[in-house]
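Please read the structure below before turning to the comments.
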Amino acid sequence: MRTFLLFGLAGLLAQLVDGTLGMAFGVTATTTLLAVGTAPAAASAAVHLAEVGTSLASGLSHWKFKNIDWRTVGILAVPGAVGAVLGAYVLTSLSTEDATVWITLILLLLGLYVLIRFAFLKLGKLITGTRPGAKFLAPLGLVAGFVDATGGGGWGPVATTTLLSSGRLEPRKVVGSVDTSEFIVALAASLGFLFTLSQEDNLNYTVVFGLMIGGIIAAPVAAWLVRHLPPRLLGALAGGLIVFTNARTLLKEFGAADWVYTVTYAAIVVLWAVGVFAAVRSLREERKLNAAAGEDDAPTKEPVVQ
């Protein structure tokens with residue numbers, strides 16, 4: 003019961019981040035599983051099984067709040083599923099040591115990207131009203147699905163950030179569409195892992211259901227928060243935590259000296275603090291600009307990374 007409750011809380015927090023930013027459930031949850039010693043392939047499999055439930059709940063919640071572009075979902079999901087199956091096969095083919103280094107490195111880079119993206123990059127308005135087409139969405143889905151399965155997360159960081167940067171879809175619909183299409187990707191990845199996992203990689207279904215139930219509870223709250231919570235601040239906080247945790251795992255894997263730990267931790271904490279400060283400052287500046295333009299002082303004014 004204690005394990006179920008702990009991972010239920012982990013799933014709840016991960017889904018609050020994912021449903022608000024359109025990314026990072028897998029990155030956050032897999033980071034937690036690796037930190038407690040779960041094998042990389044089993045960690046990714048457990049997270050994707052949990053995501054089948056959380057992404058379905060998240061999609062229904064976003065549908066209720068009209069945050070979904072169904073054309074985007076349809077084109078993005080199928081290539082994403084193909085990429086996820088390929089990724090599951092690749093990850094289970096690696097040795098445990100190689101898989102740990104690979105998945106931790108991907109998670110660290112994704113966490114760093116989330117931190118930098120939300121803390122330092124400028125936000126602006128939509129630059130075009132043209133919706134993304136198949137030539138753009140299909141390759142994006144394939145790459146995002148592959149990274150997601152091999153890294154235990156990455157569907158949101160790759161798909162959401164790319165769609166936001168294109169400026170072709172309202173940000174709230176980017177978040178809703180990516181979260182909804184993740185159901186198909188998670189289902190495909192789960193089937194891929196179930197067919198390719200070895201007998202040694204036993205799945206802990208208490209962990210799976212804990213993550214799933216926690217995420218399902220948080221899904222409607224996150225779908226509401228995407229309209230009200232400043233994504234800058236949440237992204238900076240979550241990104242820094244992901245970087246810190248995976249840096250620790252990576253240093254441990256390479257047997258780093260104590261002074262390397264100290265220098266690395268100090269650098270991450272400084273970057274994290276600067277990122278949070280920059281996010282808060284940007285929020286204040288954006289609110290001043292909105293007030294000067296006579297707009298509502300809403301924290302989520304349809305941001306798009308340029």
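The numbering of the sequence shown is this note's numbering, which starts it at 3 and goes up by one.
Every residue, glycine too, gets a C-beta built ideally from N, C-alpha and C.
Contact annotation: Gly237 and Phe122 have beta-carbon atoms that are not nearer than 8 Å. With a threshold of 16 other beta carbon atoms within 10 Å, Arg170 meets it and is buried. Excluding five sequence positions before and after Thr102, the CB atoms of its chain that fall closer than 7 Å to its own CB belong to Pro42, Glu255, given in chain order. Put simply, of Ala140, Gly153, Gly147 the residue whose alpha carbon is nearest the alpha carbon of Leu112 is Gly153. Between Gly156 and Val29, the beta carbon gap of about 7 Å places them in contact (Cβ cut-off 8 Å). Taken in chain order, the whole alpha helix (DSSP H) runs of length 4 or more contained in the segment 85-142 are 98-122. Annotated three-state conformation of Met3 is coil, per DSSP. Going by DSSP, Pro42 is part of the alpha helix (DSSP H) stretching over 42-66.
Going by C-alpha positions, Ala191 is about 24 Å away from Gly241. Taking all protein chains shown into account, Asp260 has fewer than 16 neighbouring C-beta atoms within 10 Å of its C-beta and is therefore exposed. Straight through space, the alpha carbons of Leu107 and Leu139 are spaced by roughly 26 Å. Annotated three-state conformation of Asn69 is coil, per DSSP. In the DSSP annotation of this structure, the continuous segment of the alpha helix (DSSP H) that includes Ala37 starts and ends at 27-37.
Straight through space, the alpha carbons of Leu291 and Ser97 are spaced by roughly 52 Å. Rounded to whole angstroms, the Cβ separation of Asn248 and Arg174 is 29 Å, and the two are not in contact under 8 Å. Below 8 Å, enough C-beta pairs join the segment 69-86 and the segment 179-189 to call them touching: three or more.
A Cβ-Cβ distance of about 7 Å is found for the pair Leu199 and Ala44, placing them in contact under the 8 Å criterion. Just so you know, the alpha carbons of Thr56 and Phe279 end up roughly 31 Å apart.
When DSSP states are grouped into helix, strand and coil, Arg234 belongs to the helix group.
When the alpha-carbon of Pro141 is set against those of Ala161, Arg133, Thr251, the nearest one is in Ala161.
Within the same chain, Ala59, Ser63, Lys66 come within 8 Å of Pro222 by CB-CB distance, once the 5 residues on both sides are set aside.
Listed in chain order, the non-local C-beta contacts of Glu53 below 6 Å within the same chain comprise Ala188, local neighbours out to five positions each way being set aside. Taking the Cα of Val272 as reference, the smallest distance to any Cα among Gly257, Leu285, Leu252, Leu243 is reached at Leu243. Between Arg234 and Leu285, the CB-CB gap stays under 8 Å.
Straight-line measurement puts the Cα of Arg4 at about 31 Å from the Cα of Pro159. DSSP, read as helix, strand or coil, puts Arg170 in coil.
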